[in-house]
Amino acid sequence: MATPADKRFHQLTLAIQKGINSIEAPVKEKHVRSAIIGTFQEQSAITYWMVVIRQPLQDNRIVAWKFCHVTHKLLREGHPACLDDSQRHINMIANLGKLWMHLREGYGRLIHLYCILLVSKLKFHARNPRFPGNLQLTVEELDAIAENDVNNYFQLCVELFDYMDDILNLQAAVFDSLGNARANSMTASGQCRLAALIPCAQDSSQIYDCNVRLLFRLHASLPADTLSGHRERFRQQFKKLSSFYKHASSLQYYRNLLTLPVLPSNPPNFLLQSDFGTYVAPVVSIPEPPPDEVDTIGSLIDTSETLSQVPTPERHESLETHSRTTPSPLPDPLVERDRLIDHLQNELKRMRTEVSQIVQERNTMLGSMREHCTRMETQLQSARLEFEEERQKADILAVETPQIKKKLTETEEKAKVTDEKFQKLKGAYTQLREEHIALIRQKAEVDKLTANLRAAAAQHESAKTMLQQQLNDRMKDVELLQQSTSSSEEIEAYKSEMANLRSELEQSRQKEVELETLRASMEALQIEHKTATAEQEEKISIIASELKEASENVEKLKKEKVESESELAKVKEELQSMRQKSGDDYKRVLQEKDDALKQITELTIKYQQEKEAQTQHTNTLEKELDSLKLKLTDSEQALQKECHDLSELIKAKNVEFEECLKAKELEIKESHGKLTVINGELEICKLNYENNLLEKDKQITLLTNNLDQIQKTNDATVRNFEQQVETLTSQLQEEKSNKIMLRNSINQEQAEILELRNKLEDLDKAKFEEIEKLRDEISNIVKQKDEEYNELVKEKDKISLENENLLNELSTEKQLMEARLMHIEEGRLNAECELQDLLQHNTVLEADLASLKIQLEEAQLEIKKQNAKILSCASEAALEVTNNALSTLEHSNSQDANKLAADLASKAFEDLARKSQVEGNEEIVAKSAIYAAHNASQLSAYAAELSNLSTDMELVEKLNNDCRSMLSATKQCLESIKTGTVDRSICLEARTNVQTVSRSAATADRLASGARSVDDELADMDRAIEQAASQIENLLAASKAGDSGVQLEVNGKILDACTTLMSAVKVLVQDSRALQNELGDPKTRQKMYRRNPQWSEGLISAAKAVVFAAKLLVSSADEAVATAGKVEGVSAAAHEVAGSTAQLVAASRARAPPAAPSLARLTTASRAVAMATGAVVAAVRSASALVRDKEALDTSALTLTATRRLEMESKVRALELESALDAERARLAALRKRHYHLAHVEENGNIENGKE
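Counting in UniProt numbering, the sequence shown runs from 1 upward without gaps.
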């Protein structure tokens, strides 16, 4: 006995096999539905994949197309575990698509695109497991999946774009395959293709909705520039999707099966978030099919027969329709029973739908009631909050009135204190002003001194520029002047004066630095005076910070004094060393003196500007003091006005508060009235529900009466009706229990309303408690602010003391400044004396300068003439070289060009050997040197190219050595030209080397022209394999067209096995070529082939063997397909193919790196070839068995004599075959011996295939 699980498994396999059949018609919905129900019954898709894998997916294109369609429906609508169970079959789906990709027309391309879509869907769900198979999500679920993270939104949007691209590519390919005619949608072949686009349209609408929502979220949180690529990609998909929906909705086939949405004319503008409010999600809806009566009857039929005995679906349906249409002459009780059962089942379905509608209406009513209750509660809460806010404002105003009065008294007292402090600050300001006036007077004296120094500096600059030019050009004349007695005395006097000037300049520089620091301190004091007259509390803090900066500046001045003293010591040491040096040090002294004079002029300009700024600051300070007094009086008046306004506001707020209380009480009453109305409506709904239930009870009683009448007619049917009545009663009890649940839910909602009222009262109490806490916190804050104000007053007193200390320090620094100015005046007088002495020395040096300039000009003219000659020679030689190159390019090949280069190089070396001296022959030597270098380099490049192409390693080494000796000889020859003499022996040696290189290059070129590379042989092998595969496919097509019966089955098996073998060999050949390409670029591979000639010849022989085996397989398959052919030749050819591919794998593996990815692919391909050869041998054996069964002898009509005669003939035939077998084996052994001998000889020495 079969268990229910076995029956369920059997029914599921039947449904899958009926759905995925080889008939070019759309998949029937009932078969897909039964497969989906089976996944829910088993809670997995394991059975589905067990059945599907055994189908001829790789042989029949219709089966493969329907497999993709059913799998897509199963992933969308099946059990959620189907997605997880299908993950392990991703590689199988991908390989199926790659296989059918080679059939570029018809279903091949469609299957390839559909497999890509299924793989992308499975990978998407593996990356995002929270997405259901039908992709239907709410907004909250989408946000939860993305975790409200911008990065997740971005990545999810990209993945959905890829998913949508695959769907759009598939639909475009399907419509392209149909053509422009809409009538194709009503043919069986067109519907077979179009039916698969229904789940694609469902997926596309959900993906579009998700993309729109994600893009609006991204644009709300990211700049528009970063999302420009997303917008462009969405725009392109929007155009394609809208055209897809328009094209599909215009087809007659989709009108009853699918309702497609109409997208807007323009895509949504993601830059405007307001467009999201007008966005409407597109919905693809499928109308529910009518109840299928075939399944109910089919379930009663025994389907336990084998698959071979199952009739076709069309025949089964025709039998069922015939059985239904034939009328019976007499009423059959069984038929009547079935009709009553169907009628009762339909009534039950109708009642269930009505009950479900009632439940849905009840749920909607409850939802609307809950929403209304929540709205009322929110209104109550908002009213209470407003009431509490008004109450809090009244309490705060009542509390603030006494505080405002206290603050008024406190501000009056503070104003008195600030007046006293202001008077103190004013006294300090007057003192600072007097000191500032004294500093200005001192600054005027300094301005006079700087004006005098500026005039002297101007004269000194003009003299200095002349001296610098003369000293640079006349260093040699200084040595001659030192020999005479008069010049030596002048130089010593100059050196002593320079030392004095250097010391005085350093002192003046230090004084200038001190002046700058004093000026900075004065600016800081002026800024402090400005801030002191500003607002009271803020300006006092600024004065403190500026006083700190002034103290830091004083410390910096002290440090700078110490540093200046150390620099003075260093300068004295440098002056002592300068006395021992030459006139270069004199230049440096003059430059430093000029820099000092420039700094003095800059200081005077800055000092005048600062003087004007200080006068402006004093005027502004006086104006600000007057404005502060006016502000104090205005502030007192404003405070009085504000107190008066606050008292009036308190009165107005109290009046408004009372009015608000009255309005809120009226609103509360209205809300209570609305609640009573809602309760009345709920009671009316309850009465309506009870009336409906009573009517249903009456209908049920009528049905039971009808059942009693039917029981009298047939005793056998009574038992069945009793069981059905029991089920109906149980359903009625369930409905009654649902009614009780509805009543309980209404009571619970009323209880929730009461709980909400209690919670509102508790919230009111908690709010009053929080108001009291806030009042306590406000009082504490006021105390803290009073304490902080007292601390600020103390800090002001400290700052005033620090100001007095700083004024004392400034008086001491003024005295130091006066002493420094006296030193500066003395240094100025000494500098004027030195300038007069320098002007006298200037006149002597100018005369020497003129003579030196004339000599330099003459020398420069001679150099220019020589350069012009050299340039003309070089240009002529270069022009002649380019002309030769153009002529060789137009009138000769590379061999002639390189031969001409060798001749020109040898001629150039002969010309160089004839000239022993360079002087007098500069032009000839330059031209011949350029010719020799250029042609020798061209010849060496040609030799290097030939060495890369040649396979003879001895010849390559000889060619490289000759090039090396030639280039070294040319280098020595050209180096000898630099010395002014040309070495004749070296030039002649270079000439002979050039000739030897040209001869060896010619021989290498002749040898390289006749050689073939390994890459060429592998390319030829690849082309031959593709040609053989196409020939076998043509043979298969011809056999299907011309043969029939057993011959068609035999030929089909053999040729299918041969095609799989050739496809495996093709993959192996491609992997071997990829492995060779991984060894490096073509040049490196050529070098490797030359270094390993045996390995390269082995590769070439293996490639030739593969080509020979492929051609042999094609010829043997052709002979086997013919009527008089032999099947055994195919197995022998298959073994030959396996052997040759094994030789190719071994040769390719010899030099490949062990960790190369192509090597792993090559090994897998070789295993596939071995399996394919086994399949070919098995096909040949099965084919021979079929032929033998066909040719089996029928001995039923034979007589005794006839059987004896046939027996003797068969014995004779067996002996003949045995002798032929022995002879053929001996012939095979001789051929193998000869083959091994020739292969061995070919590997060891210069024998080609077939030639000794």
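Note that beta-carbon positions come from the ideal geometry of N, C-alpha and C, so glycine has one too.
Under the three-state DSSP convention, the category H1240 falls into: Helix, per DSSP.
For the alpha helix (DSSP H) that contains S205, what are its first and last residues? S205 -> alpha helix (DSSP H) spans 197-221.
Nearest to S1072 by CA position, among I37, V1145, H125, E910, is which residue? Closest in alpha carbon position to S1072, among I37, V1145, H125, E910, is V1145.
Which one or two residues does DSSP pair with S285 in a beta bridge? Per DSSP, the beta bridge partners of S285 are T259.
Taking the C-alpha atoms as reference points, what is the distance between D176 and L194? Rounded to whole angstroms, D176 and L194 show a C-alpha spacing of 12 Å.
Only counting the same chain, and skipping five residues up and downstream in sequence, which positions put a Cβ closer than 6 Å to that of A1156? Answer for A1156: E1078, listed in chain order.
Report yes or no: do three or more beta-carbon pairs, one from the segment 123-134 and one from the segment 144-163, lie closer than 8 Å? With the cut-off at 8 Å, the segment 123-134 and the segment 144-163 touch.
T187 (DSSP reduced to helix, strand or coil): In the structure shown, T187 sits in coil (DSSP, three-state: anything other than H, G, I, E or B).
Beta-carbon proximity check, A943 vs A1001, cutoff 8 Å: Contact: yes.
Reduced DSSP category for T1084 - H, G, I as helix; E, B as strand; rest coil: Helix.
When we look at the beta-carbon of H934 and count the other beta-carbons within 10 Å, is it buried (16 or more) or exposed? Buried, by the Cβ-count rule.
With C-beta atoms as the reference, is A15 less than 8 Å away from S34? Yes, these two residues count as a Cβ contact at 8 Å.
Compute the Euclidean distance between the alpha carbons of Q723 and K349, then round it to the nearest angstrom. Going by C-alpha positions, Q723 is about 17 Å away from K349.
Sequence-distant residues of the same chain with beta carbon closer than 7 Å to E734, five excluded per side: Excluding residues within five positions, none has a Cβ falling inside 7 Å.
Length of the line joining the Cα atoms of residue 1260 and E347: For the chain, the structure presents residues 1 to 1252; residue 1260 sits outside this window and is missing.
Where R109 and R1151 are concerned, what is the direct C-alpha to C-alpha distance, given to the nearest angstrom? C-alpha separation (whole angstroms): 39 Å.
Are the segment 77-86 and the segment 126-140 in contact at 8 Å, needing three or more beta carbon pairs? Taking a contact to require three or more Cβ pairs closer than 8 Å, the segment 77-86 and the segment 126-140 qualify as touching.
Can you say whether Q171 is buried or exposed, counting buried as having 16 or more other CB atoms within 10 angstroms of its CB? By the 10 Å Cβ count, Q171 comes out buried.
7 Å CB neighbourhood of H112 in its chain, flanking five on each side removed: These residues qualify, in order along the chain: G97, W100, M101.
Does the pairing of the segment 1019-1026 with the segment 1098-1116 give three or more beta-carbon distances under 8 Å? Result yes; three or more Cβ-Cβ pairs closer than 8 Å.
I23 versus R1213 - alpha carbon distance: A direct Cα-to-Cα measurement between I23 and R1213 gives close to 48 Å.
Given 8 Å as the limit, is there contact between the segment 269-279 and the segment 216-230, that is, 3 or more CB pairs closer than that? The segment 269-279 vs the segment 216-230: in contact.
Beta-carbon contacts of K7 that lie in its chain and below 7 Å, excluding the five residues immediately before and after: No residues qualify anywhere along the chain.
Could you spell out the range, first to last residue, of the alpha helix (DSSP H) harbouring Q155? That run of the alpha helix (DSSP H) goes 150-178.
Kindly indicate which three-state DSSP category G229 falls into: helix, strand or coil? Correct three-state label for G229: helix.
Considering only the alpha carbon of each residue, which of E910, R1161, T970 lies closest to S1148? Nearest option by C-alpha distance: R1161.
Alpha carbon of K18 to alpha carbon of L1075, nearest angstrom: One C-alpha to the other measures close to 46 Å.
Out of curiosity, what's the CA-to-CA distance linking A1223 and T1201? When rounded, the distance between both Cα atoms is 33 Å.
Could you check if R255 is buried or exposed, using at least 16 other CB atoms within 10 Å of its CB as the buried criterion? Answer is exposed; the Cβ neighbour count stays below 16.
Compute the distance between the beta-carbons of A1117 and C1058, then report whether it is under 8 Å. In contact: A1117 and C1058 (Cβ atoms closer than 8 Å).
Please return the same chain residues whose Cβ sits closer than 6 Å to the Cβ of C192, not counting the five positions on each side in sequence. Around C192: E24, A25, P26.
Around the Cβ of I986, are there at least 16 other Cβ atoms within 10 angstroms (buried) or fewer (exposed)? Counting Cβ neighbours within 10 Å, I986 comes out buried, since at least 16 surround it.
Near A1165, which residues of its chain fall below 6 Å by C-beta distance, leaving aside the five closest residues on each side in sequence? Excluding its 5 nearest sequence neighbours in each direction, A1165 has C-beta neighbours in its own chain below 6 Å: V1067, L1068, D1071, listed in chain order.
In or out: T729 buried (at least 16 other Cβ within 10 Å) or exposed? A residue is called buried once 16 or more other Cβ atoms fall within 10 Å of its Cβ, and T729, having fewer, is exposed.
Where the alpha helix (DSSP H) through A1197 begins and ends: Here A1197 belongs to no alpha helix (DSSP H), and DSSP marks it neither H nor E.
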